[in-house]
Amino acid sequence: MKNNNLKGWLYLLPAVIFLGVFMVYPLIDVFIYSFEEGYNFASETYSGVGMFNYSYVLRDPYFLQALKNTFILVVITVPASTILALLISVGLSSIEKVKNLFQTVYFLPYVTNTLAVGLVFMILFKQTPYTNGFVNIVLGFFGLSPIDFIGGPYWAKMLVLCLYTIWVVIPFKIIVLTGAIASVNPIYYSAAKVDGTGRWRTFSRITLPMISPTVFYLIITGFIGAFKAYSDAVALFGTDLNASEMNTIVGYIYDMLYGNSGGYPSFASAAAVILFVIVLTITCINLLVSKKHVHY
Amino acid sequence: MKVTLENLTKIFPSRSKKEGKDVVAVNSFNIEIADGQLVGLLGPSGCGKSTMLNLLSGLQKPTSGKILFDDDDVTTLPPENRGVGLVFQSYALYPHLTVRQNITFPLENRKGKDKLTKDEMNAMALEAAKLVQIDNLMDRKPGELSGGQQQRVAIARAIVKKPRILLLDEPLSNLDARLRLQTREEIRRIQRSTGITTVFVTHDQEEAMSISDSIIVMKDGILQQVGKPQEVYDEPVNLFVAKFLGTPPINTFDGFVKDGGLYIGEEKVLDVPHAENCAVTVAVRPEGFEINPHGAFSCHVDRVEVMGRDVSIVSTHECSHNPLVRSIISSENAQEVTGEWVKFDLKKNKTYIFNKETEERIFF
Amino acid sequence: MDYEKIEKSAQIKQKIVKTGTYVFLSVWALVVLFPFYWMVLTSFKGYGAYNAEWIPKLYTLSPTLENYVDAFTKVPLGSYFLNTVIFTLVTTAIMVVVTILAAFAFSRLNFYGRDLVFTIFLALMMIPSELVVITNFVTITNLDLRNTFTGLILPSVTSVFYIYLLKENFAQIPDELYYAAKVDGTSDFRYLTRVMVPICKPTIITVTVLKVIECWNSYVWPRLITDDSSYFLVSNGIQEIRENGFGRDNIPAMMAAVVVISVPLVVLFVIFRKKIMAGVSRGGMKG
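Chains as they are written, first to last, in this note's numbering: chain A, 773 to 1068; chain B, 2 to 365; chain C, 39 to 325.
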């Protein structure tokens, strides 16, 4: 092939311009912002360079609340959704009838508007003067007293947030896992069957190790996704997440940028960089662990 | 252990509902395999021999008929309760486990009073590994082994649980030619030393003939013939068996029987006093030709291939089904082949005639 | 050994496992479907009837369409809807063109710096959008593009992942086709539009549909960049309806709005089910 220097760059130009202006430049800029102290939005001036933005953010109670919420969310939803998705995928792979129907149904949350369906979740869980809400009534059958999951105690709100997050992220995991399970050569199952291997052992000693690269991929992307949680919380608790103690790190960044606390891009940048560092660290740890445990 | 199959049948329903017939993979099989035998299950690909193996192992359930191990009816028993060892064509070694873990895998499945300690399992694994001579590879992963070594691991994994019957699916097909010869001796040796009744599936007749105590020839799900390899070779019951066994393959001709004589073309080649008049297919083993200047059967010489001890005379004949007729003659008798034509006598015990329609053997 | 017993117990065990599996899968299907059922159900309940139910009923005997009328008349749902359609169509269209051109350059043309740029592109896939949104916000604000479609669309156009997906697909087309076209005197651009695009149509459709879903659901960027409700997309719209919507807590009307904005995606999903699922299982990610 001959070289088409000019032509090649011409075809690439639109993509390069878009990515350059809206990704590469902002990426560099966010680090610069995060060190510029006292940045003024209107005059685009700043008073100094230093770590003040970081120390402010790290001492901001709203940020600490958001950090705590995000960590709880990550620690609960990533393992729970992965395990549940694994169970569902294994079940799905073991049946033949109506498998397609189940698969289609399970995928539905992926294509729905997070904000819109979150509203439905809110209504199901919310206690109002007119009704205790559907979930409370179901819980009432088991003799539990009603709780306001949306405006009530912290743990109840966190529970709903976790449940909704799991509901939202699971379709992606199911579809990837069923694909991975289907690609395991069935001959291994025949071999295990002849040797009288039980179901659980077949799963834990054959299926799981063989799909372990996919499982680790899901865990890594799951961590990244959960750390970026935001719209699920908005869907359930409204835009003023600080007031309901349900803010997340990403929510904090946006609030800092624009919203009730209004217009501090320096603080937002510092928070974004902190989030980036956390995610990067966790991903690296994940990769190291997976190197040790994924065998091929 | 003795294995008996009674009217064993396996039918796969056709995939499309509209058209397409059900596939009869195994069609009313009746057979008895004596204890401690090495049996070769032989047939062209798609003849149902793999299905047969799956039925024996219990991975598939027969449509009808019975399978007996000694006197126990195991027809519908799940595989784990049958005590079978199965070596897969592609070996099916678990890639993430070491050789040792692969071999102990079946043992770890035991529960209750059969449960084994780690030491017992390791001892048994080592014993099996020694038998197949891979005890120096125990800590490697299958990916680090050659094809032949993987094969041995697969055999070790199958025999470690001391199965009542050992099944091998095309055990040599994934090996190169040199390893093949070596491995088939190896299988024979392992089978002898364990005494386990063993059935192996192959499409390669040479492989089956060379090591089996007896061979089972099947075609399209139907049993053709059972017997010791030499017997089946010498006395094929039909044209298919005659053609399937032997290298180089048997030569076949259009012929007919008339008044106690067997004719190929114009020439009367043999006396067949007990055969009735009819059109037949004549089959002659390559070693069934004898050069005789006054012989009854004349062929047009194409070329002579010298192979040392023997020579192979390649000739043509207008009645032959194949373009070339191949005869093998010991080299001292081949001096006389000089001209354009060669004349043969046919050996009576190497010549078979089959009914042209049914392809069944006609005795004469 | 009692073979019959072993056989029986194995059969029973299998039946139990199978039944258990179906029950478990059905329960999860119920969990997935129930919110959808609830939202449709509630949207057909009258305002008074809904609030009168201390214990919400699982059915309604007097379905009404008044909520749908309310959703379009009392709040500007129609305008949110239209905004989203415009935003989605324009963004997706630009994205597809940019992606095809870039994928073509990467897979077919040979030029200085190609591999380096491609590596940078791949690296950009790892960058979380939160990191770049801040500067983009400042940029768009400074360009005075807040509350405009241009401001909404421009930063949403590029998707490195789709470029990557299409490039892989383009690369599978055998070189012989290209040389054959060259011998016939076909220009590169004609070859791209007449040969590569038709061959890779399935992947292009997948990418398009995934981008449409992404656009339809986008919330963060529109929320930052629009505070004039006449530029709201459906996600912001639904949030606005929830917080200041009908002047009172009119949940049935809210649910009607939710149904309206969910329907296009569900329809899209039903049509392109296989393509969407295949595309997503290849690594598409939400958010």
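Beta carbons: idealized from backbone N, C-alpha and C, even for Gly.
So which residues of chain C does residue i contact, with C-beta pairs closer than 9 Å?
| i | result |
| --- | --- |
| A:R973 | None at all; the shortest Cβ gap to chain C is about 14 Å. |
Less than 8 Å between CB atoms is the rule here; does residue i satisfy it with respect to chain A?
| i | result |
| --- | --- |
| B:R364 | In the sequence as presented, Arg is not what sits at residue 364 of chain B; that position holds Phe. Judged by the 8 Å Cβ criterion, B:F364 is not in contact with chain A. |
| B:H97 | yes |
| C:N288 | no |
| B:V281 | no |
| C:F149 | yes |
| B:E81 | yes |
Helix, strand or coil for residue i, going by three-state DSSP, please let me know.
| i | result |
| --- | --- |
| C:V113 | coil |
| B:N8 | strand |
| A:W939 | helix |
| A:N1014 | coil |
| C:S225 | coil |
| A:S1033 | Residue placement at A:S1033 cannot be trusted, given a pLDDT of 49 that sits under 50; the coordinates are not used to answer. |
| C:W92 | coil |
| B:F13 | strand |
| C:L262 | helix |
| B:Y395 | Since the first residue shown for chain B is 2 and the last is 365, residue 395 of chain B is missing from the structure and cannot be characterised. |
| B:C48 | coil |
| B:A93 | coil |
| B:M308 | coil |
| A:Q899 | coil |
| B:R327 | strand |
| B:A284 | strand |
Among residues of its own chain, excluding the 5 on either side of residue i, which ones have a beta-carbon nearer than 7 Å to its beta-carbon?
| i | result |
| --- | --- |
| C:N121 | Y269, F270 and L271 |
| C:Y88 | T80, I289 and P290 |
| B:P250 | K244 |
| B:S65 | N8 and T10 |
| B:V161 | I104, P107, L108, M125, A126 and A129 |
Let me make sure I understand the geometry here. Which of the options has the alpha-carbon closest to that of residue i?
| i | options | result |
| --- | --- | --- |
| B:R165 | B:I197, B:R179 and B:S174 | B:I197 |
| B:Q226 | B:N82, B:L39, B:E361 and B:K62 | B:E361 |
| A:D832 | A:A1005, A:I1054, A:M1028 and A:C1056 | A:M1028 |
| B:A130 | B:R158, B:K119, B:R111 and B:K116 | B:R158 |
| C:T98 | C:S117, C:K239, C:L181 and C:M77 | C:M77 |
| A:A1007 | A:P881, A:M823, A:N885 and A:Y826 | A:N885 |
| C:I178 | C:P193, C:L169 and C:I165 | C:P193 |
| B:E187 | B:F355, B:I135 and B:G44 | B:I135 |
| B:I329 | B:M308, B:T339, B:H318 and B:K344 | B:M308 |
| C:T302 | C:W254, C:I263 and C:F156 | One point to set straight first is that residue 302 of chain C is Pro, not Thr, in the sequence displayed. Considering only alpha carbons, the answer is C:W254. |
| B:L325 | B:S313, B:Q336, B:E333 and B:S46 | B:S313 |
Using beta carbons (cut-off 8 Å, strictly below), is residue i in contact with chain B?
| i | result |
| --- | --- |
| C:A48 | yes |
| C:E45 | yes |
| A:V966 | yes |
| A:P985 | no |
| A:S1033 | Residue placement at A:S1033 is flagged as unreliable, the pLDDT there being 49, under the threshold of 50; a coordinate-derived value is accordingly withheld. |
| A:S866 | no |
Enumerate in chain order the residues of its own chain whose CB-to-CB distance from residue i is below 6 Å, with the five nearest sequence positions on each side excluded.
| i | result |
| --- | --- |
| C:K324 | Any reading at C:K324 must be qualified, since the residue scores a pLDDT of 39, below 50, and its modelled position is unreliable; no value is offered. |
| B:G222 | V25, A26, V27, N28 and G49 |
| C:N274 | P260 and R261 |
| C:Y257 | S273 |
| A:F921 | F897, A928 and V932 |
| C:R311 | none |
| A:T849 | C934, T937, I938 and A998 |
| B:D115 | none |
| B:T253 | T282, A284 and H322 |
Please tell me whether residue i has its Cβ less than 8 Å away from any Cβ of chain C.
| i | result |
| --- | --- |
| B:T77 | yes |
| B:N110 | no |
Suppose the cutoff is 8 Å on Cβ atoms and the five residues either side in sequence are ignored; what does the same chain contact list for residue i look like?
| i | result |
| --- | --- |
| A:K871 | L864 |
| A:L845 | M930, L933, C934, T937, A998, A1001 and T1020 |
| C:V235 | I138 and I242 |
Against residue i, what residues of chain A qualify as contacts under a CB-to-CB distance less than 7 Å, listed in chain order?
| i | result |
| --- | --- |
| B:S91 | I959 |
Name, please, each residue of chain C whose Cβ falls closer than 7 Å to the Cβ of residue i.
| i | result |
| --- | --- |
| A:A888 | I276, V296, I299 and S300 |
In chain A, what lies closer than 9 Å to residue i by C-beta?
| i | result |
| --- | --- |
| C:L192 | F790, V793 and F794 |
| B:V202 | Correct list: empty, because the minimum Cβ distance to chain A is about 15 Å. |
Starting from residue i, find everything on chain A with Cβ-Cβ shorter than 8 Å and list it in chain order.
| i | result |
| --- | --- |
| C:W92 | Y902, T903 and N904 |
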